[in-house]
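Student:
Chains as they are written, first to last, in the numbering used here: chain B, 25 to 668; chain G, 7 to 263.
1. For residue 260(B), which of 338(B), 185(B) and 161(B) has the nearest alpha-carbon?
2. Check the Cβ-Cβ distances between residue 225(G) and every residue of chain B, and say whether any is below 8 Å.
3. Check each candidate in 560(B), 510(B), 639(B) and 529(B) and name the one with the smallest Cα separation from residue 144(B).
4. Closer than 8 Å, Cβ to any Cβ of chain B: which residues of the stretch 193 to 215 of chain G, in chain order?
5. 8 Å is my cut-off, CB to CB: does residue 95(G) come that close to chain B?
6. Mind listing which residues of the stretch 163 to 183 of chain G have their C-beta closer than 8 Å to chain B's C-betas, in chain order?
7. Which chain G residues are close to residue 565(B), counting only those with a beta carbon under 8 Å from its beta carbon?
8. Could you tell me which uninterrupted beta strand (DSSP E) segments, each at least 3 residues in length, are contained entirely in the stretch 148 to 219 of chain B, listed from first to last along the chain?
9. So, does the CB of residue 650(B) fall closer than 8 Å to a CB anywhere in chain G?
10. So, do the stretch 606 to 615 of chain B and the stretch 628 to 643 of chain B have three or more beta carbon pairs nearer to each other than 8 Å?
11. Just reading off the alpha helix (DSSP H) that residue 611(B) is part of, what are its end residues?
12. Run the CB neighbour count on residue 204(B), radius 10 Å, all protein chains shown included, and call it buried at 16 or more, exposed below.
13. Which residue from 95(B), 522(B) and 441(B) puts its Cα closest to that of residue 621(B)?
14. Between residue 182(B) and chain G, is the shortest Cβ-Cβ distance under 8 Å, so that the two count as touching?
15. Determine the direct distance from the alpha carbon of residue 88(B) to that of residue 13(G), and round the result to whole angstroms.
16. Is it buried or exposed, residue 418(B), if we count other Cβ atoms within 10 angstroms and call 16 or more buried?
17. Helix, strand or coil, according to DSSP, for residue 529(B) in the structure here?
18. Any idea what DSSP makes of residue 553(B), helix, strand or coil?
19. Taking only beta-carbon atoms, is residue 77(B) less than 8 Å away from chain G?
20. Are there 16 or more other CB atoms within 10 angstroms of the CB of residue 205(G), so buried, or fewer, so exposed?
21. Does any C-beta atom of chain B lie closer than 8 Å to the C-beta of residue 26(G)?
22. Determine, using beta carbons only, whether residue 654(B) comes closer than 8 Å to chain G.
23. Give a yes or no on whether the minimum CB-CB distance between residue 8(G) and chain B is below 8 Å.
24. DSSP has residue 182(G) in a bridge; who is on the other side?
25. Which of helix, strand or coil does DSSP assign to residue 156(G)?
26. What is the DSSP secondary structure of residue 107(G), reduced to helix, strand or coil?
27. For residue 45(B), count the other beta carbons within 10 Å of its own beta carbon; 16 or more makes it buried, fewer makes it exposed. Which is it?
28. Report the residues of the stretch 56 to 70 of chain G with a CB closer than 8 Å to any CB of chain B, ordered along the chain.
29. Report yes if the CB atom of residue 408(B) is closer than 8 Å to the CB atom of residue 512(B), and no otherwise.
30. So residue 592(B) is in the alpha helix (DSSP H); what residue range does that whole segment cover?
31. Name the two residues that bound the continuous beta strand (DSSP E) containing residue 248(G).
32. Got a sec: is the Cβ-Cβ distance from residue 57(B) to anything in chain G below 8 Å?
33. Could you compute how far the alpha carbon of residue 119(B) sits from the alpha carbon of residue 140(B)?
34. Short of 7 Å in beta carbon distance, which residues of its chain neighbour residue 154(B), apart from the five on each side in sequence? Order them along the chain.
35. Please list, in chain order, all residues of the same chain as residue 232(B) whose beta carbon is under 6 Å from its beta carbon, the five residues on each side excluded.
36. Of all Cβ atoms in chain G, is any one closer than 8 Å to the Cβ of residue 235(B)?
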């Protein structure tokens, strides 16, 4: 490999073992006081790009393979999956090979991990290049549109009413959209793209500050992409995708503030404080769970700094920032976002009750590798998914041992260790049906700790087994397995490869029925009507038609849609909520917030399943109800007369 | 001209030009998109320079501070605009970013040291590196073009057509619109029938639509002073016996004088 990709120029080469996990906290990394005499600074020297151009080339080839795989999937051709997985490996493996080497420069490592993050984000963007089609994306895009339309915050959102109360992402999007003239789709992609870059760079710098090693930081950051939600879920246009990188940014800024306050550059502590407080406000106004995580994180750093072996007299604890974050979060929750309690409460309560039920034997357990629809992935996917978990579980003890020996005096390192241990707990919770989603999400938040601890184990292995570079090879293979396992575990098999959304028909391109019906409703009926719809169609009605779309189980919209007969209590509910239209979708998949937006391939049993005509046509039998739009799968009924 | 003067002046001039450009309505996208994006980046950069004028910040840290602050500026700005009732439109955002950049430039002018900066390492790009980077760019561009191009439908995906019947928006109370839109994968011919109270009132024998086409007609079924139950049925010419789409509505009676 090295003969193909070239050697690092001698000007940046350092001793092979110089950075092998050793504690090399250099005070001139990144930020230096200018008051330092110029003659003591290193002289300018030429720095080569190292492997970077070749890594960029392999990444580009990987992206091309992914794009080709997506095109194959959209046109129903074969070999889509091998191209997709091959492309992901072409992006990941060469970067991982370089990051395991001791010879790469700091700059090369930073550029590599940012390149990795942005390339994987490009894979998500190319997955849905025409419109936002992940669960929460249309909901947030609607909020951004409302800010642009009204010039105000806190607009209406009937699908996820809590989201307008956390407008950080949408404000940034609306501002960029207004300045550039881009649509909120284009501006939203750009904002999340910036957030992806922030995530990789912040995490790298945090780990580098904690360990003093850019090698550990590079490996940790690269392993972070093995986090199951990383590829798609955490890259969607959703408030969490911006808030999480900002939390890591704050952690880095706190470490820099501590370093400045230790006497390195005390005159900059106010500047770091200003940055931290600014970012705290940004996080608190962007995402509820991230703001709670931030408060917990800052308090944990303070508490861990008080342990006998971490206590350093010169290092101040960030109590003031923890308190500021706590006050800001509670204030925002109490004044602006009171709905959050009602929104998060049932999810968390359900998870806890289900977990207790599973432990006591009273509740049902969930079978691993089996979806709610009964779908079971192929053997190879199950094997890779399981192997990824086994590798992580096996690596954790070695990594924790290395952490304890080298970095136990660092509070943030201890915090990451706690997160890694917490991740083990989430693995057990994944067999509990109602706790599965919470466990999977919590696992995603705990993954930075997993990545850090596994990276320490990986470096130990790479440096101990040096015959024929077997240690490095094992690390790269293991990391690739963890990454692919994350991709498999973190994405729904139905939409892991893109479905057909926009179809070329010569001089025109046509979109699916949901888009057509929502666009028509805006044009022909106007906006701001109460519309009951399926999960996918409701989101399209909200986004494309600005209707007050109601969907899901609360209070009982899905029961009205899927009942064989319109009952009296259905009518009462429609009246009570001032519903004017009901959009009926024949496709069972329309109830899926991830997969319900696409054309229906007749050969795919998952997509072609249809509801019974009795259910679909029940409103035809109700006097006074008018079917005003019919496009095959979708019919829109005017139920206005039922309100009288 | 000293370094700090030059940097402050550059910030002021470039931000001013960008602000002027984004405030011009109907500016072509190739000019407006980079101008708007640069204005946001400049504000983040200027703020980071203002805050850390007394230290030398590395490239990675500078990029991180610039990007993070550029994202945070509009979020904090919105929290000021909202209670003050300032509409969050193009002028507000442009002036916010411009204002932050000017403040940053002023701080740079006042606080930045004129001492010579420590000499930084110079990037050395070899010819083969440039070729590899160029190839990477070309391949990435190809991947993006392929990924964002609408492609022909798979063999098992069918197109669809829609029919609708609604009171005409912005029309008279008794006016209704009947329409057909084709999102079929090829040119299709249809027959459309219209029944009033169960009796055939009108038939359109030959409606031929290419994908993306629409056909509409405005009707006044209640013009005779009575309300009617209106039913429209769409048939495909290649399957004329089977109702392809059907809609039904009640047409209100026209007001009589």
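In this text, a Cβ means the ideal position worked out from N, Cα and C, and glycines have one as well.
Tutor: According to the structure data:
1. 161(B)
2. no
3. 510(B)
4. none
5. Yes, its Cβ sits closer than 8 Å to a Cβ of chain B.
6. 163, 164, 165, 166, 167, 168, 169, 170, 171, 172, 175 and 183
7. Within chain G, no residue has its beta carbon less than 8 Å from that of residue 565(B); the closest one is some 15 Å off.
8. none
9. So, interface residue.
10. Short answer: they touch.
11. Premise fails: residue 611(B) is in no alpha helix (DSSP H) and is neither H nor E.
12. buried
13. 522(B)
14. no
15. The straight-line gap from Cα to Cα measures roughly 40 Å.
16. exposed
17. coil
18. coil
19. yes
20. exposed
21. no
22. yes
23. no
24. 173(G) and 225(G)
25. coil
26. Here residue 107(G) sits in helix by DSSP.
27. Confidence is the limiting factor: at residue 45(B) the pLDDT is only 37, short of 50, which leaves the residue's position unreliable, though a coordinate-based value still follows. With 16 or more other Cβ atoms within 10 Å, it is buried.
28. Within the stretch 56 to 70 of chain G, the residues whose Cβ lies closer than 8 Å to some Cβ of chain B are 57, 58, 60, 61, 62, 63, 64, 65, 66, 67, 69 and 70, listed in chain order.
29. The Cβ atoms of residue 408(B) and residue 512(B) lie closer than 8 Å to each other.
30. 592 to 600
31. 245 to 257
32. With a pLDDT of only 49 at residue 57(B), under the threshold of 50, the placement of this residue in the model should not be trusted; the figure read from the coordinates follows. Yes, its Cβ sits closer than 8 Å to a Cβ of chain G.
33. Straight-line spacing of the CA atoms in residue 119(B) and residue 140(B) works out to 7 Å.
34. 525 and 526
35. Closer than 6 Å at Cβ, skipping near neighbours: 238 and 241.
36. no
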